[in-house]
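What follows is one structure encoded as structure tokens, with my remarks underneath.
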Amino acid sequence: MKLWGGRFAKDTSRLVEEFTASIPFDQRLYRYDIAGSIAHCRMLAKQQILSSEEAETICAGLHEILGEIEGGRLQFCLDLEDIHLTIEARLQEKIGDLAGKLHTARSRNDQIALDLCLYLREAIADSVERLIGLQKAILDLAKKHCDVILPGYTHLQRAQPVLLPHHLLAYFEMFQRDIARLQDCYQRTDVLPLGSGALAGVPYPIDRESLAQELHFASISRNSIDAVSDRDFVIEYLAAASLSMMHLSRLAEDLILWSSSEFGFIELDDAYCTGSSIMPQKKNPDVAELVRAKTSRLYGHLVAMLVVLKALPLSYNRDLQEDKEALFDTVDTLLSCLAIFSPLLQTMKIRATRMRTAAEADFSLATDIADYLVRQGLPFRQAHEVVGKMVSWCLANGRTFADMTIEDYRRFSPLFAEDVYQITVETAVAARDCPGGTAPRRVGEAIEADEERLNQNAAWLQKVKQDIILPLIFRPHQT
Ligand code: ARG
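Everything in the sequence shown is counted per the numbering used here, starting at 249 for the first residue and increasing by one.
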């Protein structure tokens, strides 16, 4: 007999059971579900809706069930539909009809919303923790190779020389924004939905504030209809995670290009590459390639959830069950990609000479030579024209700026003097000394500032971790 079977004259079709069940994937919410139930039960006792003996028996049973699930001793089966009914049915087997009192003043609609908030608070903390790890790896690399120069690119064409740490710290910025987005999303998961009932609230004298305190929520939801139907916080996480993966995919693409023989800027460690079953010489950047590809999965999940919620009538609809696989796969994918990327960066070899040679080739100093003419008084647009003609002449005559004689230079502009030879990749980099520029002084300042930002990120994480550990379910069972 189903826990909701009272009004049904027939058994559910097996097909329907299989089609509607969420237990195959929502079983991973068991810890949050049990924590929520224990808090709910204690609150019911405090409000004298249940007696304290009843609440003690229920909580003790829930603790036992927690142990059974952790020990792999509880069989999950489809006919119990979801994690909520599975746990309640098991409680019934243990303590009999008293189990039925746990669901007083509660619905699965506010229960699942609570479970998701609890789950997501932890997932956000885990995501931030790994993003911090990645930022550390980036910062370490930047410090270790602080004076390496490589070509900066636009349109994937060599553009102007930049410091390697400057290029790397661009990713630090991206991951910093990702962390800020997750921190923002955390605030939306920090609102307790429990106590909203099915949709309209509950006709019992419950104390939602004390529930929020027990479960470490900053506040309680203000509208019961919204609370059971809202999945904004899931979509916000999916969006934040998608952006993070997009950033990771760009970093992955850099590493893929840089590790090719054509670039030869880095060598990935053997431990983080794979080989070819036919070409013995191959060492492939598969990890980076998979990260690049997995990004698309997250976009799919994000769009799927936006569409599930689009025009969905208030309030709870079973459509909302479709949030879980999308969310879980997003969390798993993001965490695994972040986890593997830090050691990938930490172990790769930087080939500084190759980078420098590339930075010196292909007229990367053209802008600096134009700027030289500007300093002699020529308007930038004309200086640009002069240097453009020089490039074209060099290409036609197989020359570079470095092997042009001063007479060659002067044929293009009388403003050139011997000191034009003093322009190098170093002076080009050092000249870009504006805030946010690639000059060593600015990059040095950025490294210092980023250390401080890392500390702030770690402090935030420390603080929320205290809220997300679920003290209830690890405490001995008394009410
Ligand atoms: N498995 C459901 C979900 O994931 C739990 C809530 C079910 N509520 C209901 N009224 N059928 O959303």
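Think of the CB as a built atom: it goes at the ideal place given N, C-alpha and C, for glycine as much as any other residue. Quantities reported herein were computed from a predicted structural model and do not represent experimental measurements.
Query, Result
"Contact test: Leu562 Cβ vs the ligand ARG heavy atom, cutoff 7 Å", "no"
"Burial state of Ser285 (16 or more Cβ within 10 Å)", "buried"
"Contact test: Ile360 Cβ vs the ligand ARG heavy atom, cutoff 7 Å", "yes"
"Identified DSSP bridge partners for Val439", "Ser467"
"When Ala287, Lys250, Phe256 and Glu537 are compared against Glu457, the one with the closest alpha-carbon", "Ala287"
"Asp330 CB to nearest heavy atom of the ligand ARG below 7 Å", "yes"
"Identified DSSP bridge partners for Leu406", "Residue 406 is actually Arg in this sequence, not Leu. According to DSSP, Arg406 bridges with Tyr401."
"Other residues of its chain near Pro724: CB distance less than 7 Å, five sequence neighbours each side excluded", "The predicted model places Pro724 with a pLDDT of 46, which falls under 50 and marks its position as unreliable; any figure quoted below should be read in that light. No residues qualify anywhere along the chain."
"Simplified DSSP assignment, three categories, for Leu709", "helix"
"Alpha-carbon spacing of Glu316 relative to Lys342, whole angstroms", "12 Å"
"The ligand ARG heavy atom lying under 7 Å from the CB of Leu557", "no"
"Rounded separation between Thr334 and Leu546 - CA only", "30 Å"
"Bridge-paired residues (DSSP) for Leu411", "Ile397"
"Exposure label - Asn705; buried when at least 16 CB within 10 Å", "buried"
"Cβ pair His351, Tyr419 closer than 8 Å", "no"
"Limits of the alpha helix (DSSP H) - the one that Cys307 falls within", "Ser300 to Glu318"
"Coarse secondary structure for Asn357, derived from DSSP in three states", "helix"
"Three-state class that DSSP yields for Glu510 in the structure shown", "coil"
"Anticipated Cβ contact below 8 Å, Val482 with Asp577, distance rounded", "The Cβ separation is near 12 Å, so there is no contact."
"Own chain partners of Ala552 with C-beta closer than 8 Å, once the 5 adjacent residues on each side are dropped", "Glu570 and Ala574"
"Beta-carbon proximity check, Ala488 vs Ser472, cutoff 8 Å", "no"
"beta-carbon Leu292 near the ligand ARG non-hydrogen atom, thresh 7 Å", "no"
"Any non-hydrogen atom of the ligand ARG within 7 Å of Arg689 CB", "no"
"Sequence-distant residues of the same chain with beta carbon closer than 6 Å to Met638, five excluded per side", "Phe660"
"Three-state secondary structure (DSSP) of Thr522", "strand"
"Backbone CA spacing between Leu583 and Asp374 [nearest angstrom]", "8 Å"
"Heavy atom of the ligand ARG within 7 Å of Gln275 beta-carbon", "no"
"Cβ-based burial, Leu486 [other Cβ within 10 Å; buried from 16]", "buried"
"Sufficient close CB pairs (3 or more, under 8 Å) joining the region 300–310 to the region 252–260", "no"
"Near the ligand GDP: Ser477 beta-carbon under 7 Å from a heavy atom", "Because the ligand GDP does not appear in the structure shown, any question about it cannot be addressed here, the ligands present being the ligand ARG."
"Glu666, buried or exposed, once every other Cβ within 10 Å from all chains shown has been counted against 16", "exposed"
"Own chain, CB closer than 6 Å to Leu562, minus 5 neighbours either side, in chain order", "Ile473 and Ser477"
"Cβ pair Arg378, Leu586 closer than 8 Å", "yes"
"Proximity test, Cβ basis, 8 Å: Met603 and chain B", "Judged by its chain identifiers, the structure shown contains no chain B, having just a single protein chain."
"Other residues of its chain near Arg338: CB distance less than 7 Å, five sequence neighbours each side excluded", "Ile313 and Leu322"
"Counted within 10 angstroms of its Cβ, other Cβ atoms place Thr727 as buried (16 or more) or exposed", "Any reading at Thr727 must be qualified, since the residue scores a pLDDT of 39, below 50, and its modelled position is unreliable; the value itself is stated next. It counts as buried."
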